[in-house]
Amino acid sequence: YRRSSRANFFVYDRSTRKLTKLFDRGKQLYATFNPRADKVAFVFENNLYFRDLATGNLAQLTEDGEQNKIINGSTDWVYEEELSFAQAFSWSPDGQHIACYRFDESEVKQFTMTNYHDELYPEYYTFKYPKVGEANSKVDIFVYNLESGKAVKADLGAEQDIYIPRVKWAGPGQLCIYRLNRHQNELELLLADPETGKTSRLLYEKSKYYISEELYDDLVFLEGGKQFVWASEKDGWKHLYLYDMNGREVRQLTKGQWEVDAFYGVDEKNGRLYYQAAEKSPLERQVYSIGLDGKDKQVLAGAAGWNAAQFSSTYDYYVVTHSTANSPASYTVYDRKGKPLRVIEENRQLKEKMQAYGVQPVEFFRFTTGDGVELNGWMIKPRDFKENRQYPVLMTQYGGPGSQEAIDHWLGLDYWWYQMLAQEGYVVACVDNRGTGGRGEEFKKMTYMQLGHYETIDQVEAARYLGKLPYTDPARIAIFGWSYGGYMSSLCILKGNDVFKAAIAVAPVTNWKWYDTIYTERFMRTYKENEDGYRNNSPVYFADRLKGDYLLVHGMGDDNVHFQHTAEMANALIAANKQFETYFYPNRNHGIYGGNTRLHLYTKMTGFLKESIGPGQERPEKGREVSPVKKEYLKSGRQKEKPALSPAIKQ
Numbered sequence: 164y165r166r167s168s169r170a171n172f173f174v175y176d177r178s179t180r181k182l183t184k185l186f187d188r189g190k191q192l193y194a195t196f197n198p199r200a201d202k203v204a205f206v207f208e209n210n211l212y213f214r215d216l217a218t219g220n221l222a223q224l225t226e227d228g229e230q231n232k233i234i235n236g237s238t239d240w241v242y243e244e245e246l247s248f249a250q251a252f253s254w255s256p257d258g259q260h261i262a263c264y265r266f267d268e269s270e271v272k273q274f275t276m277t278n279y280h281d282e283l284y285p286e287y288y289t290f291k292y293p294k295v296g297e298a299n300s301k302v303d304i305f306v307y308n309l310e311s312g313k314a315v316k317a318d319l320g321a322e323q324d325i326y327i328p329r330v331k332w333a334g335p336g337q338l339c340i341y342r343l344n345r346h347q348n349e350l351e352l353l354l355a356d357p358e359t360g361k362t363s364r365l366l367y368e369k370s371k372y373y374i375s376e377e378l379y380d381d382l383v384f385l386e387g388g389k390q391f392v393w394a395s396e397k398d399g400w401k402h403l404y405l406y407d408m409n410g411r412e413v414r415q416l417t418k419g420q421w422e423v424d425a426f427y428g429v430d431e432k433n434g435r436l437y438y439q440a441a442e443k444s445p446l447e448r449q450v451y452s453i454g455l456d457g458k459d460k461q462v463l464a465g466a467a468g469w470n471a472a473q474f475s476s477t478y479d480y481y482v483v484t485h486s487t488a489n490s491p492a493s494y495t496v497y498d499r500k501g502k503p504l505r506v507i508e509e510n511r512q513l514k515e516k517m518q519a520y521g522v523q524p525v526e527f528f529r530f531t532t533g534d535g536v537e538l539n540g541w542m543i544k545p546r547d548f549k550e551n552r553q554y555p556v557l558m559t560q561y562g563g564p565g566s567q568e569a570i571d572h573w574l575g576l577d578y579w580w581y582q583m584l585a586q587e588g589y590v591v592a593c594v595d596n597r598g599t600g601g602r603g604e605e606f607k608k609m610t611y612m613q614l615g616h617y618e619t620i621d622q623v624e625a626a627r628y629l630g631k632l633p634y635t636d637p638a639r640i641a642i643f644g645w646s647y648g649g650y651m652s653s654l655c656i657l658k659g660n661d662v663f664k665a666a667i668a669v670a671p672v673t674n675w676k677w678y679d680t681i682y683t684e685r686f687m688r689t690y691k692e693n694e695d696g697y698r699n700n701s702p703v704y705f706a707d708r709l710k711g712d713y714l715l716v717h718g719m720g721d722d723n724v725h726f727q728h729t730a731e732m733a734n735a736l737i738a739a740n741k742q743f744e745t746y747f748y749p750n751r752n753h754g755i756y757g758g759n760t761r762l763h764l765y766t767k768m769t770g771f772l773k774e775s776i777g778p779g780q781e782r783p784e785k786g787r788e789v790s791p792v793k794k795e796y797l798k799s800g801r802q803k804e805k806p807a808l809s810p811a812i813k814q
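For the sequence shown, counting from 1, position 370 maps to 533 in this note's numbering; every step adds exactly one.
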């Protein structure tokens, strides 16, 4: 799936220059050395194996693995997708134990996809996919002692309807196991004895909303065995804390009305930890270090825009990746003191080509909604832009919980499509609605139990704001999105049908009850617990409101957001006698790529926009009558707001 792939692995001995195939019976998953590099563990056909490199002996640690029933050492589908990991085993620091997940997915319901390969009959692929309110896999953690051959099951408590989002070794004799309830608002860190399986509670956190997934990897046990660093949102912002091994908070290491975005680790020798934060602006990221005493904070990468770092194991050197929305990434090596040692790549040729091709700048803006909420956004204006013209607008967005699109870093491949549209005479704009990241827990989690509600309100308000600008045509505003963004573009053209002329929805969720347990229930609980939240915010229930042009696109091999969402949306639109366009891509997954599909898709979307909202056209000359639509947007409301074109916008 998204994070896993099978391969034939080989071990190369540098001293003998000998290459040895790891395993002969088929492709494996996750071949991983132990810390001493004398053993390699891997997964084959849902069972866990290891090979002793000194003797060449192969040992099979589990034997009950079976397709669509039992998985050892690898995650099930929903863990891989929504808890962001696929390898489900880890070596102890001394290399003598392996902690391993075991998934029993026997009671999880199956989903079948159809693939077409120029054969007389199609191929059917069936896998376990737990949908809202349905049974999840039963998960256990086993610890294998490779010397004694003994396997111990960790005591996870009586409740089986739980999640184990991570396990992490706290030392050779202690395994830390995360235990999360199904509602995902109570998290415990358990310490397990690898020889007995007995567990004790190390830390407990509870949220009135949910525990954010991005906290799971921000745990570092210090080598002395007496303390650990942990990230939490308990003061309303994601920050780093130091705890002792009794679970008592020693001190808060970072603090302020800004968020730590990435925790890079701890240099214990020098008593410092390293992190990335949005301290300067929610649109930017800088890299910092701070002492374990919470003092002497230093900026390691402070340029305007987006900075990220990768550190050497000793923290003596680090590579900074820096970009802005208008400048592609550069990569520079620094030493511990912050001295630049070498520029690895600065993308000079690309920058020169961008200038030669007349690439339009990304301009940031901020506006205030009718609810008094400040929202951040960016726009790209057409080449040869003139204030006295009325241009069509394409709004692009994602909008999902904790995401950010209005950020000052390089925008990726879609950037070039936006530039092409700008050259064709479109204004392309993006606004981050409520529920997105970088602005604290309350801003991010206010969408709890009603995904799509505030997000849609904000995107409609953003469209109204953009429509009031002197150079836009409010009658020609379209919205585009993929995945959660496709869900949003669908809701917007239905609930904002007086604002949006067109919408493109690629791989959209159209009914939350058809999506998976972990993601959906984290934000919405189950359909039985929150029926109004589901029905009021699922596009399929509002098909009769469609007025504008709607392009619905989906890959038929989408294992994540199933083709079912688009098929049922089409059913609802047909029942409401609404005309729409739909495109489907056989055998393509959620990313819709390969076999010329990306070129085909973007060609289709570009043509759809041209037919629906067309290229820019002249605004009436001064003294002539303004269009009735423009009048409607300009009367009775806030005065037109000029966008603030600063790349550094504070909350």
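Just so it is clear, CB atoms sit at the ideal spot from N, CA and C, and this is done for glycine as well.
Assigned with DSSP and collapsed to three states, P564 falls in coil, not helix or strand. With at least 16 other beta carbons inside 10 angstroms of its own, F207 counts as buried. For a cut-off of 8 Å, the C-beta gap from G603 to G399 is around 6 Å, short enough to register as a contact. Taken atom to atom, the span from the alpha-carbon of T673 to that of K691 is near 18 Å. Within the segment 346-400, complete beta strand (DSSP E) segments of at least 3 residues are found at 349-355, 362-369, 382-384 and 390-395, given in chain order. About 37 Å separates the beta carbons of Y292 and D661, which is beyond the 8 Å limit, so they are not a contact pair.
Contact check for K607 against G600 passes: the beta carbons are separated by less than 7 Å.
The continuous beta strand (DSSP E) containing V429 extends over residues V423 to D430. A direct Cα-to-Cα measurement between Q461 and P445 gives close to 19 Å. Inclusion of V703 and E744 in the CB contact set at 7 Å is not warranted, their separation being larger than that value. K607: member of the alpha helix (DSSP H) spanning E604 to K608, first to last residue. For K202, the number of other beta carbons within 10 angstroms of its own is at least 16, and it is reported as buried. Comparing alpha-carbon positions, the option among Y288, S178, I543 and K664 lying closest to L584 turns out to be I543.
The C-beta distance from L216 to L224 rounds to 16 Å, too long to fall under 8 Å, and the pair is not in contact. The continuous beta strand (DSSP E) containing L557 extends over residues R552 to T559. For R414, the enclosing beta strand (DSSP E) has its first and last residue at E412 to Q415. Assignment of alpha helix (DSSP H) within the segment 614-680, counting only whole runs of 4 or more residues, yields 616-630 and 647-658 in chain order.
Here K294 is buried: its Cβ has 16 or more other Cβ atoms, across all protein chains shown, within 10 Å. The C-alpha of R448 lies about 7 Å from the C-alpha of E442. Short of 7 Å from the beta carbon of E618, and not among the five residues preceding or following it, lie these beta carbons of its own chain, in chain order: G562, N596, R597, G598, T610 and M651.
One Cα belongs to G711, the other to P637, and the distance between them is close to 13 Å. Judged by DSSP in its simplified three-state form, N734 adopts helix.
Taken through DSSP and simplified to helix, strand or coil, D281 comes out as coil. Non-local C-beta neighbours of T729 in its own chain, meaning closer than 6 Å and more than five positions away in sequence, comprise L715 and H717, ordered along the chain. I325 and W393 have their C-alpha atoms some 21 Å from each other.
Secondary structure note for L436: its beta strand (DSSP E) is the uninterrupted segment R435 to A440. For R499 against G521, the beta-carbon gap comes to about 42 Å, at or over 8 Å, which does not count as contact. When the alpha-carbon of I374 is set against those of K301, Y682, I642 and I755, the nearest one is in Y682. In the pairwise beta carbon analysis, the segment 363-378 is classified as touching the segment 403-414: at least three pairs are separated by under 8 Å. The three-state reading of DSSP puts N750 in coil, since its state is none of H, G, I, E or B. Of the candidates S269, K676 and Q742, the residue whose Cα lies closest to the Cα of H725 is K676.
For Y175, the closest alpha carbon among the candidates R169, S167 and K184 is that of K184. Shortest Cα-Cα distance from N433 to any of Y427, Y697 and L455 involves L455.
Taking C-alpha positions only, I642 is separated from F663 by approximately 7 Å. The alpha-carbon separation between D281 and W645 amounts to approximately 29 Å. Here L354 is buried. Its C-beta has 16 or more other C-beta atoms within 10 Å.
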